[in-house]
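K.L.:
Quick note: the sequence shown uses my numbering, first residue 3, plus one each step.
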Amino acid sequence: MLSYRHAFHAGNHADVIKHLVLVLTLDYYQRKDKPFWYIDTHAGSGLYRLSSAESQKTREFAHGIQTLWNASDLPDELLPYVNLIRSLNPPPSLDYYPGSPWLAAQLLRKQDQLRLFELHPNDFSALDNNLGHDKRIQISKQDGLKGLLGLLPPITRRAVTLIDPSYELKTDYSDVVTTLAKAYQRFATGTYLLWYPVIERQRVKQMIQGLQQTGIAGILQIEFCPVADSAGLGMSGSGLFVINPPWLLAKQMQTLLPWLHQKMADANGHFTVTHITPEKNT
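Right, dumping it as structure tokens:
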């Protein structure tokens with residue numbers, strides 16, 4: 003259950019999409035002065051060295067963040083995300099890639115709080131070393147899906163939650179939908195980002211059906227697949243289901259995904275930005 007290590011995959015195309023959506027969402031939340039929480043159910047170690055044996059074994063970052071690092075025509079909407087990567091890496095070398103907790107810690111203000119969960123003992127220790135000094139941050143060595151429900155509703159009544167398990171266990175696909183439905187019942191106004199891999203298309207369809215059955219309105223699906231779906235050959239792409247998305251997010255991703263597709267996908271790659279449940283009547 004704890005064999006997955008994100009160091010092999012840091013900075014790949016899935017990280018680019020996940021972290022781009024996260025940065026755009028957190029940027030939107032900071033437009034109001036009111037404090038908010040960032041909750042990360044599967045935080046990882048927080049920081050990854052791209053020269054490590056793990057990263058070099060797969061070199062997945064070469065077709066992910068390295069592509070953006072080398073690009074000279076970045077769209078404006080990409081700059082907040084890419085500039086955070088640049089702040090971590092003095093030019094010209096791309097040596098480190100941050101996890102979602104590090105990105106959030108750089109973006110959140112002094113009045114905001116971070117609640118991080120990580121169950122893997124080695125990653126928990128690394129996360130604590132990387133971010134444990136920050137007084138805004140609480141790190142728990144706990145199953146994040148269970149820990150999340152205990153935090154809701156937050157005292158701030160404003161929160162962004164990222165749910166991104168490894169999906170090592172096939173039950174993760176249904177467990178995340180069940181947890182999300184329970185979280186929404188406790189705290190219906192928060193923004194939830196549920197990341198998923200595209201390994202078997204049928205599992206994504208089952209997640210969509212499960213989310214549609216929750217009755218939650220206006221769930222946004224953002225997906226990017228650099229290659230065509232192909233069962234049994236690993237992850238062809240990934241996406242996020244977003245509950246209570248910032249109103250700008252769909253338009254931003256409709257602008258960015260064609261550019262990312264041009265830079266990072268082959269001829270059979272594809273992307274989508276669509277609502278899988280009807281938006282609320284206004």
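Heads up, the beta-carbon is just placed ideally off N, CA and C, and yes, glycines get one too.
When the Cβ atoms of the stretch 229 to 241 are set against those of the stretch 175 to 190, are three or more pairs found closer than 8 Å?
P.N.:
No: fewer than three Cβ pairs fall under 8 Å.
K.L.:
To the nearest angstrom, how far is the alpha carbon of V200 from that of Q215?
P.N.:
Locating residue 200 in the sequence shown gives position 198, counting from the first residue. Locating residue 215 in the sequence shown gives position 213, counting from the first residue. Approximately 21 Å between the Cα atoms of the pair.
K.L.:
Following the continuous beta strand (DSSP E) through M240, name the residue where it begins and the one where it ends.
P.N.:
Looking up residue 240 in the sequence shown gives position 238. Reading off the sequence shown, one finds Ser at residue 240, where the question assumed Met. G239 to I245 is the span of the beta strand (DSSP E), which, as asked, contains S240.
K.L.:
Where Y198 and D136 are concerned, what is the direct C-alpha to C-alpha distance, given to the nearest angstrom?
P.N.:
Taking the first residue of the sequence shown as 1, we reach residue 198 at position 196. Taking the first residue of the sequence shown as 1, we reach residue 136 at position 134. Distance between the alpha carbons of Y198 and D136: 29 Å.
K.L.:
Is T193 closer than 9 Å to P248 when the C-beta atoms are compared?
P.N.:
Mapped onto the sequence shown, residue 248 falls at position 246. Mapped onto the sequence shown, residue 193 falls at position 191. Taking 9 Å as the Cβ cut-off, P248 and T193 qualify as a contacting pair.
K.L.:
Quick one: Cα of T69 to Cα of S57, how far?
P.N.:
For this step, residue 69 is matched to residue 67 along the sequence shown. For this step, residue 57 is matched to residue 55 along the sequence shown. Distance between the alpha carbons of T69 and S57: 16 Å.
K.L.:
Using a 10 Å radius around the Cβ and a threshold of 16 neighbouring Cβ atoms, would you call P228 buried or exposed?
P.N.:
As a first step, residue 228 is located in the sequence shown; it is residue number 226 there, counting from the start. That one is buried.
K.L.:
Only counting the same chain, and skipping five residues up and downstream in sequence, which positions put a Cβ closer than 6 Å to that of V275?
P.N.:
Numbered from 1 along the sequence shown, position 273 holds the residue referred to as residue 275. Once the five neighbours on either side are set aside, the close Cβ partners of V275 are I224, A252, M255 and Q256.
K.L.:
I'd like to confirm the pairing. Which residues does DSSP put opposite I299 in its beta bridges?
P.N.:
In this structure the chain extends from 3 to 284, so residue 299 is not present and cannot be described.
K.L.:
To the nearest angstrom, how far is the alpha carbon of M3 from that of A269?
P.N.:
Sequence index remark: in the sequence shown, residue 3 carries index 1 (1-based). Sequence index remark: in the sequence shown, residue 269 carries index 267 (1-based). Confidence at M3 is low in this model, with a pLDDT of 47, below 50, so the placement of that residue is unreliable and no value is reported for it.
K.L.:
Going by alpha carbons, who is nearest to Q287 out of K265, Q115 and S142?
P.N.:
In this structure the chain extends from 3 to 284, so residue 287 is not present and cannot be described.
K.L.:
Which same chain residues end up closer than 7 Å to A107 when comparing Cβ atoms and leaving out the 5 residues on each side of it in sequence?
P.N.:
Position 105 of the sequence shown, counted from the start, is the residue given in the question as residue 107. So the list reads L116, L133, D136 and I139, once near-sequence residues are dropped.
K.L.:
Using alpha carbons as the reference points, say which of K20, F10, H15 and H11 lies closest to L195.
P.N.:
For this step, residue 195 is matched to residue 193 along the sequence shown. With distances taken between Cα atoms, L195 lies closest to K20.
K.L.:
Quick check on P100: buried or exposed, where buried means 16 or more other Cβ atoms within 10 Å of its Cβ?
P.N.:
Your numbering for residue 100 matches position 98 in the sequence shown. That one is buried.
K.L.:
Between the stretch 164 to 178 and the stretch 41 to 48, can you find at least three pairs of beta-carbon atoms closer than 8 Å?
P.N.:
Contact holds: three or more Cβ-Cβ distances are below 8 Å.
K.L.:
Give me the residue from G46, K265 and S89 with the minimum Cα distance to E120.
P.N.:
In the sequence shown, counting from the first residue as 1, residue 120 sits at position 118. Comparing Cα positions, the closest option is G46.
K.L.:
Report back the beta-carbon spacing between T181 and F38 to the nearest angstrom; my notes put them in contact at under 8 Å.
P.N.:
To locate residue 181, count along the sequence shown from 1; it is residue 179. To locate residue 38, count along the sequence shown from 1; it is residue 36. So it is not a contact: roughly 20 Å between Cβ atoms.
K.L.:
Taking its Cβ as the centre, do 16 or more other Cβ atoms sit within 10 Å of P103, making it buried, or is it exposed?
P.N.:
Reading the sequence shown from its first residue, position 101 is the one you call residue 103. That one is buried.
K.L.:
Quick one: grab the DSSP three-state call for V23.
P.N.:
If you number the sequence shown from 1, residue 23 lands on position 21. Three-state result, V23: helix.
K.L.:
Using a Cβ-Cβ cutoff of less than 8 Å, which residues in the same chain neighbour P280 once the five nearest sequence positions on both sides are dropped?
P.N.:
As a first step, residue 280 must be located in the sequence shown, where it is residue number 278. Around P280: A219 and G220.
K.L.:
With a 10 Å radius around its C-beta and 16 neighbouring C-beta atoms as the bar for buried, classify L222 as buried or exposed.
P.N.:
For the purposes of this step, residue 222 is identified with residue 220 of the sequence shown, where counting begins at 1. Flag for L222 reads buried.
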